[in-house]
Amino acid sequence: MTQPLQTLAPSASLSRRSVLIAMASTLAAVACGGGGSASSSPAPTPPPPTSGPARLTLKGSQMLTPDGTPIILRGMNEGTWGEMRSTDAAMLAGQGAKVVRVLIRWWGLYGGTDVESRVDASPGHFDPAHVTRLLQEIQWCLDAGLWVVVAIDSNCGQNGLQNTDMAAYCDPSGLYPGGRNFWTDLTQRQLFKEAWIYLAGLLKTKPNIAFYELLPEPLQGWDSTYGDDVSAFYQELMTAIEDVAGDTRTPFLVGARDAYNINLCDEAYIATPRWANRVVYTGNLFIHPNGTQAQNLATIDSRLGALATMKTNRNVPVFIQQFGVRSGDDPGQFYLDAGLSRMNAAGIGYTGWQWRQNTTSPDEYAVVIEDPNTGADIVKTGVLQVYSKYWKA
């Protein structure tokens, strides 16, 4: 989840023509703000394709396990880099979860130290230690019998204008007034594609990889004329993963512009026949109670209804990769229960935001926080009990 301090709208003077000019001009660019210098060397050649590891099969709006049984994935995010513990996956599985979403961060300004994983000169343009850590977290989940959603997050790549600090980090020379990202800087786009080729080459032989989530929350605040650009970007990555990395079996998870605006989910639909039964569609469903109880519930119903309608009308599988409400906004778990019950009733899977978070505040999303004095785990038992009830339902 990107948590901006202040969203900066794209420059009013930025036209479609200027974006295209900027994209073309960046083919000669090599500097990457904050992420090391761009490398022209290709990612390592992946091993030849193999078959066999367990994967979901998509059939219309259904997801099927390898034995053909319909499955609805419900579980949790391990969203804060480096916070996962070796016992977390087994605990989640014991509470009834079936899936965990894990993220590696690439090119962006992130809170804390040693979070960004981008190192252009290394294999796949990743810090090798970060890849090792990601693979360890995935293995903990696999050992617990869980499915895993793998995402590469990039705060610069998705937008680059989340706040003034992010804009300066992504574009230190100030050459991209509309935001330096994967649509305005094609050099960075190519490096990101090589990162996915490398990571998919490592993961394609592992079992129970549920989806590749290609890039969370693209183009926050950008208008509808960029819908096709987001779709083209996703399809470029999907093609590279299939044709270069040799992974033709792992489903892809994609969402609409405006940071996975769930109300725009249908805009993300990809009609190209090649991608039939290969793509799962998503949107964010965070609950921010700011009206009457009736108004807040109506908002949940409306937003969830947009994804449910897409599922029915397009006959495609859907999944909410980030669902949650801050505990400080929901002390009695009323809205948490309301959201979970509605997703279960609609037959829509999800991963809650989030399991651990590097905070001592009981008011944040995390189920597990740190004791302010000892650093020991504090589990919000009331929150976990609500999640567990619906995971086991």
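What the sequence shown shows, in mature numbering (1 follows the signal peptide of the UniProt record, and there is no 0), is residues -31 to -1, 1 to 362, in sequence order. Idealized CB from N, CA, C, for every residue including glycine. Keep in mind the model is a prediction, meaning the values are calculated, not measured.
Could you tell me whether the Cβ atoms of residue i and residue j are closer together than 9 angstroms?
i	j	result
V117	R70	yes
E182	Q326	no
Q323	G297	no
G51	K361	no
P185	Y229	yes
V68	R43	yes
L254	L273	yes
residue 381	L276	This structure cannot settle anything about residue 381, because the visible part of the chain is limited to -31 through 362.
M135	G48	no
V348	V337	yes
F151	Q127	yes
I317	K280	yes
A225	I231	yes
R24	R243	no
D122	W75	yes
residue 386	P39	With the chain covering only -31 through 362, there is no way to say anything about residue 386.
D340	D332	no
D212	I256	no
D235	N282	yes
Q302	G260	no
In this structure, does DSSP put residue i in helix, strand or coil?
i	result
R74	strand
E236	helix
G44	strand
L104	helix
Q302	coil
Y138	helix
N132	coil
Y359	helix
G252	coil
V352	helix
D122	strand
T281	helix
Y229	helix
W50	coil
T268	helix
R24	coil
V39	Note that residue 39 is Pro in the sequence shown here, rather than Val. Looking at P39 - three-state DSSP - the assignment turns out to be strand.
L309	helix
Q290	strand
R243	helix
G224	strand
Q64	coil
E297	Here residue 297 is Gly; the residue named in the question, Glu, does not match the sequence. It is helical.
G93	helix
L115	coil
G29	coil
G318	strand
If residue i sits next to residue j, beta carbons under 8 angstroms apart, how far is it from one beta carbon to the other, in whole angstroms?
i	j	result
V248	F221	5 angstroms
Y79	N124	7 angstroms
Y203	G93	Between G93 and Y203 the Cβ distance is about 19 angstroms, and since that is not below 8 angstroms, they are no contact.
G190	D227	7 angstroms
G148	L172	About 30 angstroms; that fails the 8 angstroms criterion.
S30	N246	In fact, because the Cβ distance is near 10 angstroms, the residues do not count as touching under 8 angstroms.
S91	I73	At roughly 13 angstroms, the Cβ-Cβ gap does not stay under 8 angstroms, so S91 and I73 are not in contact.
Y250	R295	That belief does not hold up - the Cβ atoms of Y250 and R295 are roughly 26 angstroms apart, past 8 angstroms.
Taking 8 angstroms as the cut-off, is the beta-carbon of residue i closer than that to any non-hydrogen atom of the ligand SAM?
i	result
W152	In the structure on display, the ligand SAM does not appear, and there are no ligands present to speak of.
Discussion item. Restricting to runs no shorter than 3 residues, where is the beta strand (DSSP E) found entirely within the segment 322 to 349?
Written reply: Whole beta strand (DSSP E) segments, 3+ residues: 337 to 339 and 346 to 348.
Worksheet item: Taking contact to mean at least 3 C-beta pairs separated by less than 8 angstroms, is the segment 268 to 285 in contact with the segment 159 to 172?
Response: As far as the Cβ criterion goes, the segment 268 to 285 does not touch the segment 159 to 172, which means the pair count is below three.
Worksheet item: Touching or not, the segment 109 to 124 and the segment 171 to 186, by the rule of three or more beta carbon pairs under 8 angstroms?
Response: Judged by Cβ distances under 8 angstroms, the segment 109 to 124 makes contact with the segment 171 to 186, as three or more pairs qualify.
Item to complete: Taking 8 angstroms as the threshold, find out whether the segment 91 to 111 comes into contact with the segment 191 to 205 through three or more Cβ pairs.
Response: Cβ pair count under 8 angstroms is below three, so no.
Fill in: Secondary structure, alpha helix (DSSP H): runs of 4+ residues fully inside the segment 135 to 219
At a cut-off of 4 residues, the continuous stretches assigned as alpha helix (DSSP H) that sit fully inside the segment 135 to 219 are 155 to 172 and 196 to 212.
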